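Single-structure report; data block below.
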Amino acid sequence: DVKVTQSSRYLVKRTGEKVFLECVQDMDHENMFWYRQDPGLGLRLIYFSYDVKMKEKGDIPEGYSVSREKKERFSLILESASTNQTSMYLCASSETGRGSYEQYFGPGTRLTVT
Amino acid sequence: GENVEQHPSTLSVQEGDSAVIKCTYSDSASNYFPWYKQELGKGPQLIIDIRSNVGEKKDQRIAVTLNKTAKHFSLHITETQPEDSAVYFCAASIEGRGSTLGRLYFGRGTQLTVWP
Chain D
1178 DVKVTQSSRY LVKRTGEKVF LECVQDMDHE NMFWYRQDPG LGLRLIYFSY DVKMKEKGDI
1238 PEGYSVSREK KERFSLILES ASTNQTSMYL CASSETGRGS YEQYFGPGTR LTVT
Chain U
18 GENVEQHPST LSVQEGDSAV IKCTYSDSAS NYFPWYKQEL GKGPQLIIDI RSNVGEKKDQ
78 RIAVTLNKTA KHFSLHITET QPEDSAVYFC AASIEGRGST LGRLYFGRGT QLTVWP
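Protein chains in written order, with this note's numbering: chain D, 1178 to 1291; chain U, 18 to 133.
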């Protein structure tokens, strides 16, 4: 059974803190994605990665960075958390080629920045 | 880049009725159109998809239609049940050579509520 896990379901951080959100997939997928989900705005892509040590900016990369040192792990970093980064964060993975770009999502991390 | 618009943002139906969610896209090169369902407390999950060489696809009570000329695709759910209540997202992508590495462009979502 395919699985994408995220390190925390709920997280509360203070303004200015450095925050790490971890995502691990066990499907040997090449592609990994970070989204944030806000009411009325849907799923907005922050960053994605198509290989180890590779990254691409999505639609809203400002205030975020990512790290992919191993194929199975993709980390989202908030260098200095701000209240407008309070949101639900979703990680996903997919494989390249084979005619299917189905993305498998983790359960999400609800981050609150106070 | 691709722009996907989704309507309505909320939809309430009585159990047993049909529900229709509509999406439009802007990039004529898009050729893959998946639909995801997100239940409360979970991540989105693929429920059905359609490719541009097909006009309609069905899977039990769920069907998707595609009109490439109008750049329009829709999700149809028949005989709705309370467990169909969820947020539904449409998406568009380009598969094949030169594709953007599996990136999906999502609509903003539709909250479907099915009343018993």
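Don't be surprised by glycine CBs; every beta carbon is placed ideally from N, CA and C. Keep in mind the model is a prediction, meaning the values are calculated, not measured.
Counting only the Cα atoms, SER110 (chain U) lies some 13 Å from LYS85 (chain U).
Inclusion of ALA108 (chain U) and VAL21 (chain U) in the CB contact set at 8 Å is warranted, their separation being smaller than that value. GLY1193 (chain D) does not reach chain U, its nearest Cβ partner there being about 29 Å away, counting only Cβ pairs nearer than 9 Å. Around LEU63 (chain U), the beta-carbon contacts reaching into chain D at under 7 Å are GLU1279. Contacts with chain U at 8 Å (Cβ-Cβ) do not include LEU1198 (chain D). Residue contact with chain U for PRO1284 (chain D): present (Cβ-Cβ distance below 8 Å to some residue of chain U). Interface flag for GLY1217 (chain D) against chain U is set, since a Cβ pair is found closer than 8 Å. Listed in chain order, the non-local C-beta contacts of LEU92 (chain U) below 6 Å within the same chain comprise ILE38, TRP52 and VAL81, local neighbours out to five positions each way being set aside.
Contact of PHE1251 (chain D) with chain U is not assigned, every C-beta pair being separated by 8 Å or more. Neighbours of PRO25 (chain U) in chain D, taken as residues at a C-beta separation under 7 Å, are lacking, since the least C-beta distance is about 12 Å. A Cβ-Cβ distance of about 6 Å is found for the pair VAL1201 (chain D) and GLU1249 (chain D), placing them in contact under the 8 Å criterion. GLN23 (chain U) is not a Cβ neighbour of GLY119 (chain U), given a cutoff of 8 Å.
Within the stretch 42-63 of chain U, those residues whose Cβ lies closer than 9 Å to any Cβ of chain D are, in chain order, TYR49, PRO51, TYR53, GLN55, GLY58, LYS59, GLY60, PRO61, GLN62 and LEU63.
Residue-level contact by beta carbon fails for SER1259 (chain D) and chain U, as no gap is shorter than 8 Å.
Not a single CB atom of chain U sits nearer than 8 Å to the CB of SER1184 (chain D).
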